[in-house]
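The next block holds one structure in the form of structure tokens; read it before the comments.
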Amino acid sequence: MQMENIRLKDRNRLLEDETRELTQIVREHERALETVMDRFRTQTFMAQQAMSDIQRAHQRALLIEQKRNALLEREMTRLRSVLDHVTGRIRHAIHVQHTLDDEEQLTMAQLETENAQLRLLLAIAEDPAAASTHMAEHVEAASESEAEDVRAATRSGCPSPTAKTTPAAAATEELMQKMANDYY
């Protein structure tokens, strides 16, 4: 029995050693598993942080882009308004220029008529005998010129040059009538 006891003690010692080794292996596995889980948790947290940072950066970029687009839209609206205003002013200036050109042509026609009448008066004053011939020619030429001016003015929408005479033209016309009456 003593032998049996020794054998059992040896066996028991062997089992205790084996248990210690297995306990140590289990503890090492637990530590390794804990290390792996810590790394996993750290990596998961870092991935979540990175995703959160990316989302915040994306939202900031989106907000900046929206503000920029709104600013560009306002600027484009303002530029359209300025362009419309400038276009209107250009159109008005062109209209005024056309009106001034028409008035200038009307004034030139009136001055040419007055000039012809003054030349006729000068011719009458210098040579009363040739005056009747000159007078007939100038009256006919003036009538044709005035008729053409009236037609041109009517087409362009301006008043006729004879409808609005200057005081000098009226005085010249009156003087011509007086001289013609005295001459004949």
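Residues 1 to 184 (full-length UniProt numbering) make up the sequence shown, in order. Virtual Cβ for every residue (Gly too), placed ideally from N, Cα, C. Quick caveat, the model's predicted, so the values are computed rather than measured.
- Within the model, the alpha-carbon separation for Arg27 versus Asp17 is close to 15 Å.
- According to the DSSP assignment, Met1 belongs to no alpha helix (DSSP H), since it is labelled neither H nor E.
- Taken atom to atom, the span from the alpha-carbon of Lys67 to that of Arg78 is near 16 Å.
- In the structure shown, Asp127 adopts coil according to DSSP, grouped into three states.
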